[in-house]
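Here my numbering is used: the first residue of the sequence shown is 1193, the next is one more, and so on. The beta-carbon is built from N, C-alpha and C at its ideal position, and this holds for glycine as well. Note that the coordinates shown come from a computational prediction; the quantities given were computed from them, not determined experimentally.
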Amino acid sequence: MTTTDLNLRTIQPADDPQVKQLVINTLKEFGAVGPGYASSDTELDSMYEAYTGDDRVYFILEREGQVVGGAGIGPLKKSTGSTCELQKMYFDPSIRGEGWGKKLIQKCLDFAKESGYSQCYLETLPGMKPAQHLYSSFGFSYISERKGDTGHSGCHVFMMKTL
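Structure representation (structure tokens):
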């Protein structure tokens, strides 16, 4: 299959179980299991509902009815100012390295700018070096401390970008 076989769209209610499984599977692949990781977020059971609102969006990559990737933008909980967070960006191994990360980040950052956010924050795992490289290529810089309240105490890499 080629990258043209993928459909990029916003999340729908029927996507919730597949998105949850994608998040869990990806984090398990990197040894990130249990509390302190996105796989424990209560919103995983209702992602569509969690990303319904003018200040948030979640994009899905779909192939033949299967969710193979996703990423979202939402307000950074308990932050000051107009900071958003790049959230739950995960890809099935079958589509990694095909440029979809760049496309999704650009869609998310465009949405963030259009929504009036001035900064974008993210947290990731130390072992996710390709993801960190991708974030850096979009102008994200490493910062020394956690911002807001993501609930992801297991993530120890923090990055920020001015929009």
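Residue 1225 and residue 1282 closer than 8 Å at C-beta: Indexing the sequence shown from 1 puts residue 1225 at position 33. Indexing the sequence shown from 1 puts residue 1282 at position 90. Result no, Cβ atoms of residue 1225 and residue 1282 do not sit closer than 8 Å.
Check for me: the alpha helix (DSSP H) holding residue 1297 runs from which residue to which? In the sequence shown, counting from the first residue as 1, residue 1297 sits at position 105. Start and end: 1292-1306.
Alpha carbon to alpha carbon, how far is residue 1313 from residue 1247? Give it in angstroms, no decimals. Residue numbering aside, residue 1247 sits at position 55 when the sequence shown is read from its first letter. Residue numbering aside, residue 1313 sits at position 121 when the sequence shown is read from its first letter. Roughly 15 Å between the two C-alpha positions.
From what residue to what residue does the beta strand (DSSP E) around residue 1259 run? For the purposes of this step, residue 1259 is taken as the residue at position 67 of the sequence shown. Start and end: 1258-1267.
Anyone know if the C-beta pair for residue 1249 and residue 1207 falls short of 8 Å? Here the question's residue 1249 lines up with position 57 in the sequence shown. Here the question's residue 1207 lines up with position 15 in the sequence shown. It is not a contact, given that the beta carbons lie outside the stated cut-off.
CB contact flag (residue 1316, residue 1251, <8 Å): In the sequence shown, residue 1316 corresponds to position 124, counting from 1. In the sequence shown, residue 1251 corresponds to position 59, counting from 1. Result no, Cβ atoms of residue 1316 and residue 1251 do not sit closer than 8 Å.
Is the beta carbon of residue 1355 closer than 8 Å to that of residue 1327? Reading the sequence shown from its first residue, position 135 is the one you call residue 1327. Reading the sequence shown from its first residue, position 163 is the one you call residue 1355. Cβ atoms of residue 1327 and residue 1355: not closer than 8 Å.
Beta-carbon within less than 8 Å of residue 1349's beta-carbon, same chain only, minus the 5 sequence neighbours each way: which residues are those? Residue 1349 sits at position 157 when you count from the first residue of the sequence shown. 1315, 1316, 1317, 1318, 1320, 1324, 1334.
Distance between residue 1272 and residue 1194 (C-alpha atoms, nearest Å): One-based indexing of the sequence shown puts residue 1194 at position 2. One-based indexing of the sequence shown puts residue 1272 at position 80. Unreliable positioning characterises residue 1194 in this predicted model, as indicated by a pLDDT of 46, which lies under 50. The coordinate reading is nonetheless provided below. So the two alpha carbons sit approximately 42 Å from each other.
Verify whether the separation of the beta carbon atoms of residue 1287 and residue 1200 is less than 8 Å. Here residue 1287 refers to the residue found at position 95 of the sequence shown. Here residue 1200 refers to the residue found at position 8 of the sequence shown. No, the Cβ-Cβ distance between residue 1287 and residue 1200 is not below 8 Å.
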